[in-house]
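Undergrad: Sharing a structure with you now.
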Amino acid sequence: MRKFNILEDSKLMNIKPVSWIKAGIYAFLIVITFYSALNQLVFHDWDREDYSHCLLIPFIVLYLIWDYRQALIGTPSVVDKKGFILLMAGILLFWLGELGGEYYTMYLSLWLVVVGLVWVHFGWNKIKVLWFAFFVMLTMFPFPNIINVRITFALKLIATKLGVLILQAYGMSAYREGNIIDLGFTQLQVVEACSGLRFVMPLMVLSLLLAFWFRAHIWKRTALFLSSIPIAILMNSFRIAGTGVLYSVWGAQVAEGFFHDFSGWLVFMFTIPILLAEMWILRKLPPRLEFGNTKDTGRTRDEGRGTIGESEKEATGKSEAVKQTGTATVSMKAALLQPVFIVALVLLGITLVASRTIEFREKIPIKKPLSQLSLKIGEWNGTKQIMEQQFVEVLNFSDYTIVDYKNNQGKSINFYTAYYESQRKGEATHSPESCLPGSGWQFNEADPINIKLKDGSLIKVNRAFMEKAGDKQLSYYWFAQRGRVLTNLYQVKFYSFWDALTKQRTDGALVRLITPVYSNENPQDADKRLQDFTKEIVPILKNYIPE
Numbered sequence: 000m001r002k003f004n005i006l007e008d009s010k011l012m013n014i015k016p017v018s019w020i021k022a023g024i025y026a027f028l029i030v031i032t033f034y035s036a037l038n039q040l041v042f043h044d045w046d047r048e049d050y051s052h053c054l055l056i057p058f059i060v061l062y063l064i065w066d067y068r069q070a071l072i073g074t075p076s077v078v079d080k081k082g083f084i085l086l087m088a089g090i091l092l093f094w095l096g097e098l099g100g101e102y103y104t105m106y107l108s109l110w111l112v113v114v115g116l117v118w119v120h121f122g123w124n125k126i127k128v129l130w131f132a133f134f135v136m137l138t139m140f141p142f143p144n145i146i147n148v149r150i151t152f153a154l155k156l157i158a159t160k161l162g163v164l165i166l167q168a169y170g171m172s173a174y175r176e177g178n179i180i181d182l183g184f185t186q187l188q189v190v191e192a193c194s195g196l197r198f199v200m201p202l203m204v205l206s207l208l209l210a211f212w213f214r215a216h217i218w219k220r221t222a223l224f225l226s227s228i229p230i231a232i233l234m235n236s237f238r239i240a241g242t243g244v245l246y247s248v249w250g251a252q253v254a255e256g257f258f259h260d261f262s263g264w265l266v267f268m269f270t271i272p273i274l275l276a277e278m279w280i281l282r283k284l285p286p287r288l289e290f291g292n293t294k295d296t297g298r299t300r301d302e303g304r305g306t307i308g309e310s311e312k313e314a315t316g317k318s319e320a321v322k323q324t325g326t327a328t329v330s331m332k333a334a335l336l337q338p339v340f341i342v343a344l345v346l347l348g349i350t351l352v353a354s355r356t357i358e359f360r361e362k363i364p365i366k367k368p369l370s371q372l373s374l375k376i377g378e379w380n381g382t383k384q385i386m387e388q389q390f391v392e393v394l395n396f397s398d399y400t401i402v403d404y405k406n407n408q409g410k411s412i413n414f415y416t417a418y419y420e421s422q423r424k425g426e427a428t429h430s431p432e433s434c435l436p437g438s439g440w441q442f443n444e445a446d447p448i449n450i451k452l453k454d455g456s457l458i459k460v461n462r463a464f465m466e467k468a469g470d471k472q473l474s475y476y477w478f479a480q481r482g483r484v485l486t487n488l489y490q491v492k493f494y495s496f497w498d499a500l501t502k503q504r505t506d507g508a509l510v511r512l513i514t515p516v517y518s519n520e521n522p523q524d525a526d527k528r529l530q531d532f533t534k535e536i537v538p539i540l541k542n543y544i545p546e
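Okay, so the sequence shown: first residue is 0 according to numbering that gives the first Met the number 0, each after it adds one.
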């Protein structure tokens with residue numbers, strides 16, 4: 000068992016009042032500066048079931064810091080100006096996220112600012128002691144929505160395929176079409192909530208902690224961490240298959256409500272003993288580490304939590320060393336006037352004041368309301384559609400229109416465009432790559448193409464073939480951004496940042512066209528239909544969307 004040294008543990012808590020004052024000032028500036036990002040993180044992102052486990056991460060990080068207290072005490076604090084590299088990088092990312100309208104960039108900015116300040120005031124050696132705690136901090140930030148949707152969709156298809164194989168192995172008649180499982184007597188749709196993401200993410204965090212504390216060769220610890228992904232996917236597939244089996248006995252209630260949520264909780268709890276059993280097996284495999292031998296573990300035993308079996312004499316000597324290497328006592332006034340502290344305050348203060356007082360985005364009104372868009376375009380006759388209020392509130396656009404156009408042959412095109420006077424965090428264009436898969440559509444093929452317009456100019460648009468439950472569609476979409484036509488959401492974010500600085504403008508629009516691929520036609524026919532309509536609509540949109 001580990002022997003605690005009362006002197007060392009109490010020394011960690013014996014922090015000078017001036018240090019608490021500095022920490023309080025930093026905390027105040029960081030909270031005020033990153034208020035919108037922290038509000039989004041705590042009250043929105045962590046409220047999503049897929050990332051509800053992130054609420055526990057700050058407490059885990061605090062425990063890890065406490066767990067490293069002996070190593071922190073034994074490592075002298077040294078002012079290191081190199082930490083300003085991370086601090087400046089964090090401030091740069093803050094502006095990229097603030098002006099580009101991206102929360103995840105601001106989350107990374109917050110992390111860099113915190114690590115940078117610790118580096119500046121305590122030195123690189125203490126960063127090395129706390130590296131794992133800082134790494135775990137990153138797991139409390141949800142992925143950007145476009146990445147999150149792709150992961151969810153991939154997991155959903157994998158879970159559906161494995162679920163069907165398990166049902167077939169059980170002896171049931173089961174067939175898959177996309178994310179639909181046909182059981183003959185009913186159909187089960189594997190939706191986002193059943194994708195397994197809410198299993199994968201917390202299990203990866205748990206396996207990361209277990210792997211770090213696992214006293215074994217580095218390859219064993221790596222294997223333990225990586226195994227969490229297939230374990231979570233496989234267990235979720237068993238859950239889906241179990242739902243299909245129980246559905247035939249007790250009906251639809253097993254696939255919804257309490258039984259659905261309880262089965263998810265039960266499956267996750269069952270994965271924990273699987274990881275522990277895996278650790279037991281890995282420990283038996285060569286190479287085996289003898290007690291006290293830390294070779295190739297990637298972390299020495301006296302790092303972080305102190306040496307196991309350390310004698311009182313050694314611990315006392317270590318405390319004396321800490322006293323001898325400690326910095327000289329300085330007055331509170333001198334400490335608060337420390338140059339690095341002043342410089343850090345100035346950088347954070349300028350960032351806060353500039354973000355709160357300078358308006359980098361003017362609201363650019365649309366040239367004409369999109370409601371005035373003609374319902375007669377060439378051979379196409381349109382019927383306007385109304386978006387549900389719940390989606391209007393989520394998308395936060397300034398103006399929009401949805402029109403279903405039909406030509407003389409009865410072929411249809413759904414036209415949608417949304418305009419934003421000023422794009423901000425939570426109020427910016429959304430890529431169909433993140434929206435359409437959320438409604439069940441699978442992107443089978445997506446690539447940019449060039450279309451030659453009537454005036455001879457070229458326009459680049461994204462083309463995506465989609466499929467859901469046997470239905471096929473072709474979509475074109477692009478982002479009309481202040482005279483530019485962009486096809487990449489990351490380009491949109493960058494130019495929003497750049498134009499906010501140089502033009503004080505972040506206005507822009509998303510344009511999307513969708514047409515069915517009918518059963519009696521080739522995809523090339525649908526492609527030509529959208530190209531012809533694009534040639535008609537682009538010149539008209541110039542009368543509405545500012546350039």
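Glycine included, C-beta positions come from ideal geometry on N, C-alpha and C.
Assuming Val484 contacts Ile458 under a Cβ cut-off of 8 Å, what Cβ separation, rounded to an integer in Å, is found between them?
TA: The residue you call residue 484 lines up with position 485 of the sequence shown. The residue you call residue 458 lines up with position 459 of the sequence shown. The pair is a contact, with the Cβ atoms about 6 Å apart (cut-off 8 Å).
Undergrad: Anyone know if the C-beta pair for Leu452 and Thr514 falls short of 9 Å?
TA: Taking the first residue of the sequence shown as 1, we reach residue 452 at position 453. Taking the first residue of the sequence shown as 1, we reach residue 514 at position 515. Not a contact, by the Cβ cut-off of 9 Å.
Undergrad: Look up Gly100 in the DSSP assignment and say whether it is helix, strand or coil.
TA: Here residue 100 refers to the residue found at position 101 of the sequence shown. Gly100: coil per DSSP, three-state reduction.
Undergrad: Could you tell me which of Gly455, Ser35 and Gly73 sits nearest to Ser108, measuring between CA atoms?
TA: Position 109 of the sequence shown, counting from 1, holds the residue named residue 108. Residue Ser35 is the option with its Cα nearest to Ser108.
Undergrad: Report yes if the CB atom of Gly507 is closer than 9 Å to the CB atom of Tyr399, and no otherwise.
TA: As a working mapping, residue 507 is identified with position 508 in the sequence shown. As a working mapping, residue 399 is identified with position 400 in the sequence shown. No, the Cβ-Cβ distance between Gly507 and Tyr399 is not below 9 Å.
Undergrad: Looking only at its own chain, which residues have a Cβ that is under 8 Å from the Cβ of Val342, when we skip the five neighbours before and after it?
TA: Looking up residue 342 in the sequence shown gives position 343. So the list reads Phe83, once near-sequence residues are dropped.
Undergrad: Starting from the C-beta of Leu161, find all residues in its chain whose C-beta is less than 6 Å away, skip the five residues before and the five after it, and write them out in chain order.
TA: As a first step, residue 161 must be located in the sequence shown, where it is residue number 162. Excluding sequence neighbours, Leu161 sits near Ser236.
Undergrad: Out of Arg149, Ile385, Ile448 and Ala70, which has the shortest C-alpha to C-alpha gap to Lys127?
TA: In the sequence shown, the residue the question calls residue 127 occupies position 128. Here the closest residue by C-alpha is Ala70.
Undergrad: In chain order, what are the residue ranges of uninterrupted alpha helix (DSSP H) at least 4 long that sit wholly in the region 141-180?
TA: Complete alpha helix (DSSP H) runs here, min 4: 144-169.
Undergrad: Taking C-beta to C-beta, are Tyr103 and Phe140 nearer than 9 Å?
TA: In the sequence shown, residue 103 corresponds to position 104, counting from 1. In the sequence shown, residue 140 corresponds to position 141, counting from 1. Yes, they are a contact pair.
Undergrad: Measuring straight from C-alpha to C-alpha, what distance separates Met465 and Ser474?
TA: Indexing the sequence shown from 1 puts residue 465 at position 466. Indexing the sequence shown from 1 puts residue 474 at position 475. Each residue's alpha carbon lies about 8 Å from the other.
Undergrad: How close, in whole Å, do the beta carbons of Leu346 and Leu86 come, if the pair is a contact with beta carbons under 8 Å?
TA: Sequence index remark: in the sequence shown, residue 346 carries index 347 (1-based). Sequence index remark: in the sequence shown, residue 86 carries index 87 (1-based). Confirmed, about 7 Å.
Undergrad: Among residues of its own chain, excluding the 5 on either side of Leu198, which ones have a beta-carbon nearer than 6 Å to its beta-carbon?
TA: Translated into positions along the sequence shown, residue 198 becomes position 199. Note on residue identity: the sequence assigns Phe, not Leu, to residue 198. Ala231, Asn235 and Phe267, listed in sequence order.
Undergrad: Quick one: Cα of Trp123 to Cα of Ile72, how far?
TA: Numbered from 1 along the sequence shown, position 124 holds the residue referred to as residue 123. Numbered from 1 along the sequence shown, position 73 holds the residue referred to as residue 72. Distance between the alpha carbons of Trp123 and Ile72: 14 Å.
Undergrad: Taking the alpha-carbon positions, what's the Ser430 to Tyr476 distance?
TA: For the purposes of this step, residue 430 is taken as the residue at position 431 of the sequence shown. For the purposes of this step, residue 476 is taken as the residue at position 477 of the sequence shown. Cα to Cα, the separation comes out at about 9 Å.
Undergrad: If we ignore side chains and look at the alpha-carbon of each, how far apart do Phe414 and Arg149 end up?
TA: Within the sequence shown, numbered from 1, the residue matching residue 414 stands at position 415. Within the sequence shown, numbered from 1, the residue matching residue 149 stands at position 150. Taking the straight line joining both Cα atoms gives about 24 Å.
Undergrad: Consult DSSP for Gly482 and reduce its assignment to one of helix, strand or coil.
TA: To locate residue 482, count along the sequence shown from 1; it is residue 483. Of the three classes helix, strand and coil, the one that applies to Gly482 here is coil, per DSSP.
Undergrad: Helix, strand or coil for Arg549? Go by DSSP, reduced to three states.
TA: Missing from the structure shown is residue 549; the chain here goes from 0 to 546 and no further.
Undergrad: Can you tell me which of Leu54, Lys125 and Asp498 puts its alpha carbon nearest to the alpha carbon of Phe359?
TA: The sequence position of residue 359 within the sequence shown is 360, counting from 1. Checking every option, the nearest Cα to that of Phe359 belongs to Asp498.
Undergrad: Classify Tyr543 as buried or exposed, calling it buried when 16 or more other Cβ atoms lie within 10 Å of its own Cβ.
TA: As a first step, residue 543 must be located in the sequence shown, where it is residue number 544. Looking at its Cβ environment, which holds 16 or more other Cβ atoms inside 10 Å, Tyr543 is buried.
Undergrad: Hey, Glu432 and Asn395: beta-carbon distance below 9 Å or not?
TA: Your numbering for residue 432 matches position 433 in the sequence shown. Your numbering for residue 395 matches position 396 in the sequence shown. Cβ atoms of Glu432 and Asn395: not closer than 9 Å.
Undergrad: Quick one: using the 10 Å Cβ neighbour count with 16 as the cut-off for buried, is Phe42 buried or exposed?
TA: Position 43 of the sequence shown, counting from 1, holds the residue named residue 42. Exposed, because fewer than 16 other Cβ atoms sit within 10 Å of the Cβ of Phe42.
Undergrad: Name the DSSP beta bridge partners of Lys471, please?
TA: In the sequence shown, residue 471 corresponds to position 472, counting from 1. Answer is Glu466.
Undergrad: Should Met278 be labelled buried (16 or more other beta-carbon atoms within 10 Å of its own) or exposed?
TA: Here residue 278 refers to the residue found at position 279 when the sequence shown is read from its first residue. By the neighbour-count rule (16 or more Cβ atoms within 10 Å), Met278 is buried.
Undergrad: For the alpha helix (DSSP H) that Gln388 lies in, which residues bound it at each end?
TA: Residue 388 sits at position 389 when you count from the first residue of the sequence shown. Gln388 -> alpha helix (DSSP H) spans Gln388 to Leu394.
Undergrad: Helix, strand or coil for Tyr418? Go by DSSP, reduced to three states.
TA: To locate residue 418, count along the sequence shown from 1; it is residue 419. DSSP places Tyr418 in strand when its eight states are reduced to three.
Undergrad: Measure the alpha-carbon distance for Glu535 versus Arg511 and round it to whole angstroms.
TA: Here residue 535 is taken as the residue at index 536 of the sequence shown, counted from 1. Here residue 511 is taken as the residue at index 512 of the sequence shown, counted from 1. Spanning the two alpha carbons is a distance of roughly 14 Å.
Undergrad: Using the three-state DSSP reduction, which class does Tyr517 fall into: helix, strand or coil?
TA: On the sequence shown, position 518 is the one that residue 517 refers to. Here Tyr517 sits in coil by DSSP.
Undergrad: Is Trp45 helix, strand or coil by DSSP?
TA: Position 46 of the sequence shown holds residue 45. Coil at Trp45, not helix or strand.
Undergrad: Is the beta carbon of Leu529 less than 9 Å from the beta carbon of Ile412?
TA: Taking the sequence shown and counting its residues from 1, one reaches residue 529 at position 530. Taking the sequence shown and counting its residues from 1, one reaches residue 412 at position 413. In this structure, Ile412 lies closer than 9 Å to Leu529 by Cβ.
Undergrad: Take the Cβ of Ser373 as the centre, count every other Cβ of all protein chains shown within 10 Å, and call the residue buried at 16 or more, exposed below.
TA: Looking up residue 373 in the sequence shown gives position 374. Burial call: exposed.
Undergrad: Please return the same chain residues whose Cβ sits closer than 7 Å to the Cβ of Ile273, not counting the five positions on each side in sequence.
TA: Residue mapping note: residue 273 aligns to position 274 of the sequence shown, counting from 1. These residues qualify, in order along the chain: Ile230.
Undergrad: Which stretch, first to last residue, makes up the beta strand (DSSP E) that contains Val402?
TA: For the purposes of this step, residue 402 is identified with residue 403 of the sequence shown, where counting begins at 1. Per DSSP, Val402 belongs to the beta strand (DSSP E) from Asp398 to Lys405.
Undergrad: Can you round the beta-carbon distance between Ala210 and Leu223 to whole angstroms, since I take them to be within the 8 Å contact cut?
TA: One-based indexing of the sequence shown puts residue 210 at position 211. One-based indexing of the sequence shown puts residue 223 at position 224. Rounded, the Cβ-Cβ distance is 5 Å, consistent with contact.
Undergrad: Could you tell me which whole alpha helix (DSSP H) segments of length 4 or greater appear in the region 336-371?
TA: For the region 336-371, whole alpha helix (DSSP H) runs of length 4 or above, ordered along the chain, are 338-356.
Undergrad: Taking 9 Å as the threshold (C-beta atoms), are Val244 and Met171 in contact?
TA: To locate residue 171, count along the sequence shown from 1; it is residue 172. To locate residue 244, count along the sequence shown from 1; it is residue 245. Contact: yes.
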